[in-house]
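Asks:
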Amino acid sequence: MGIETTRADRKANKESRELPKATDTNSKSKHGRSRRRRKKMSPVQKLFETCKEVFANGRPGFVPPPEDIERLRAVLDKMKPADLGLSPEMLYFRTQVGRGTPAIRYLHLYENEKFSMGIFCLPPSGVLPLHNHPGMTVFSKVLFGTMHIKSYDWVVDAPTTTSIDVNPSEITAAAVRLAKVKVDSDFTAPCNASILYPADGGNMHCFTAVTACAVLDVLGPPYSDPDGRHCTYYLEFPFTSFSVDGVSVPEEEREVHAWLQERGKPDLSVVGAEYRGPPIVDK
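Quick note, the sequence shown lines up with residues 47 to 329 if you use my numbering.
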């Protein structure tokens, strides 16, 4: 509509030189202010608005159309630490002396029933253990630093077997299930966002901070215990640890297969911290 109005103004100016100049100047001024307002939208606000559109029909198991996946990914790929008020010098990212498992800070940006946005701040050697994302599409963007990501997908139709938990303090029978490695690599910023899906793309994954790093996560839909979308953690065992009738893997592929077993919550300290970056306005 703005384009049509501009064209009409040009036509009127051409046909009649008696139009007051102030009218034309005011029109241009309004369009100029409108363009400036659009340009002033912060990157994090743009991310929020894009998430609202991409996950408008979000529900468990929902995967946005390919064009929406790429649109959201393109926004994430451009995100920089400064866009979120972050820098490697912040206390969150310092080496923690005297701790076996470094504490991880989580900065909550936004959450509703459709999607959530947040940032994990990991000091060197910080670990988010192997866990799943039931019924979710997840975008992860390393903002700075180097992160090792290892992820698995379930091997469809592979039978399960029963094993004895290797932890002596928890001698219980638990099923193990065959999974295949999807990703096992270091990601160093700047790099593109990674995406996992409800049934593939590495739905179970583990983050290990090679250096201090920050990871921006978008989950659609978010975790929800009342709706059965709770976080499950896993132990992983080499394929050769168990022999299961009906399961065979070529020798050259055994290194990329593993048995996963559900476990209780590990020794993990994730501490909420205040997000101090540019505000997100939910209009």
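Where is the CB? At the ideal position from N, CA and C, for every residue including glycine.
Source: prediction; values computed, not measured.
1. Which whole-angstrom value describes the C-beta separation of F101 and P110, a residue pair presumed to lie in contact below a C-beta threshold of 8 Å?
2. Shortest alpha-carbon distance to V202 belongs to which of A225, F190 and F94?
3. Would G310 and Y279 be called neighbours here (beta carbons separated by less than 9 Å)?
4. Excluding sequence positions up to five away, which residues of its chain have a Cβ less than 6 Å from the Cβ of K196?
5. In whole angstroms, what separates the C-alpha of G164 from that of Q142?
6. Mind checking whether A260 and L130 have CB atoms under 9 Å apart?
7. Decide if P169 is buried, meaning its Cβ has at least 16 other Cβ atoms within 10 Å, or exposed.
8. Which class does A58 belong to by DSSP, given the choice of helix, strand or coil?
9. Look up M250 in the DSSP assignment and give the residues it is bridged to.
10. List the endpoints of the continuous alpha helix (DSSP H) containing D123.
11. Starting from V256, follow its DSSP beta bridges and name the residues at the other end.
12. Kindly provide the ranges of any beta strand (DSSP E) runs that are 3 or more residues long and lie completely inside the region 125–204, ordered along the chain.
Replies: By the coordinates alone:
1. 7 Å
2. A225
3. yes
4. D230 and C252
5. 22 Å
6. yes
7. buried
8. Only weak support is given to the placement of A58: the predicted model assigns it a pLDDT of 34, under 50, and the question is left unresolved by the model.
9. Y198
10. P112 to D123
11. The partner list for V256 (beta bridge, DSSP) is empty, contrary to what the question assumes.
12. 150–157, 162–168, 173–177, 183–190 and 192–200
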